[in-house]
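Below is one structure, written out as structure tokens, with a few remarks after it.
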Amino acid sequence: MAQFFDAIDDRHAAMIGAQPMFFVATAAPEGRVNLSPKGYDVFRILGPNRVAWLDLAGSGNETHAHLVVDGRITVMFCNFVQPAQILRLYGRARPVLPDDADWAGLVSHFALLPGTRQIFDMTVEQVQTSCGYGVPFMSFEAERNTLIRHHATADPEAWLAKNRARDRSIDGLPVRTPDRYIAGDPGTREA
301 MAQFFDAIDD RHAAMIGAQP MFFVATAAPE GRVNLSPKGY DVFRILGPNR VAWLDLAGSG
361 NETHAHLVVD GRITVMFCNF VQPAQILRLY GRARPVLPDD ADWAGLVSHF ALLPGTRQIF
421 DMTVEQVQTS CGYGVPFMSF EAERNTLIRH HATADPEAWL AKNRARDRSI DGLPVRTPDR
481 YIAGDPGTRE A
């Protein structure tokens, strides 16, 4: 049975912290609904009603485009071990890029990874937990480091050019692109 909460509590934080991946869903008023799986140690709880996650450049930037137009977002965590549980965070979010004024304050919470494109900053309006009885048991083996390796070996100018060319979403919505390539070094923090 689903339960709703006004904020992230210690039990929710523990469940979130134990998950190796999460899912992000967004939509603009028109066009496709976007659902993205996220891995790596990139999710941070900044307060009972605020979370953020580091975003690496990938095949598209739909989350960014949808948030600029609408702002609504759902983040979902599934526990693939015991106890069975699904946790959703509902709220509004915004992309913060390296040239934005808020970048310095947010980036201090993360170890930057090669190819970091932006940080999503979310205000959590509601937390929902549900049973998760239909979620299968699965075990985590390891992170897939292909994306990090790809970005780590990229030519910075070519990387910027490629990302600047992706200034539209699949549905033609505008996307702001990074102003610089972040080489990142896992374990270090950049400002």
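All letters in the sequence shown, in the order written, are residues 301 to 491 by this note's numbering.
Glycine included, C-beta positions come from ideal geometry on N, C-alpha and C.
These figures come from a predicted structure and were not determined experimentally.
{"Asked": "Bridge partner(s) assigned by DSSP for residue 426", "Found": "390"}
{"Asked": "For residue 426 and residue 306, believed in contact at Cβ under 8 Å, the rounded distance", "Found": "7 Å"}
{"Asked": "Test item: CB-CB of residue 464 and residue 477 under 7 Å", "Found": "yes"}
{"Asked": "Own chain, CB closer than 8 Å to residue 424, minus 5 neighbours either side, in chain order", "Found": "307, 308, 348, 349, 350, 351, 389, 390 and 391"}
{"Asked": "Backbone CA spacing between residue 333 and residue 372 [nearest angstrom]", "Found": "11 Å"}
{"Asked": "Test item: CB-CB of residue 393 and residue 410 under 7 Å", "Found": "no"}
{"Asked": "Collapsed DSSP secondary structure at residue 313 in the structure displayed", "Found": "helix"}
{"Asked": "Beta-carbon separation (whole angstroms), residue 484 vs residue 414, contact threshold 8 Å", "Found": "4 Å"}
{"Asked": "Three-way DSSP call (helix, strand, coil) for residue 484 in this model", "Found": "coil"}
{"Asked": "Proximity of residue 357 and residue 417 at Cβ, strictly below 7 Å", "Found": "yes"}
{"Asked": "Alpha helix (DSSP H) segment containing residue 252, residue limits", "Found": "Residue 252 is absent from the model: the chain starts at 301 and stops at 491."}
{"Asked": "Proximity below 7 Å, CB of residue 387 to CB of residue 315", "Found": "yes"}
{"Asked": "Environment of residue 437 [buried if 16+ CB atoms lie within 10 Å]", "Found": "exposed"}
{"Asked": "Opening and closing residue of the beta strand (DSSP E) in which residue 492 lies", "Found": "What is shown of the chain runs 301 to 491, which leaves residue 492 out entirely."}
{"Asked": "When 304, 377 and 364 are compared against residue 320, the one with the closest alpha-carbon", "Found": "377"}
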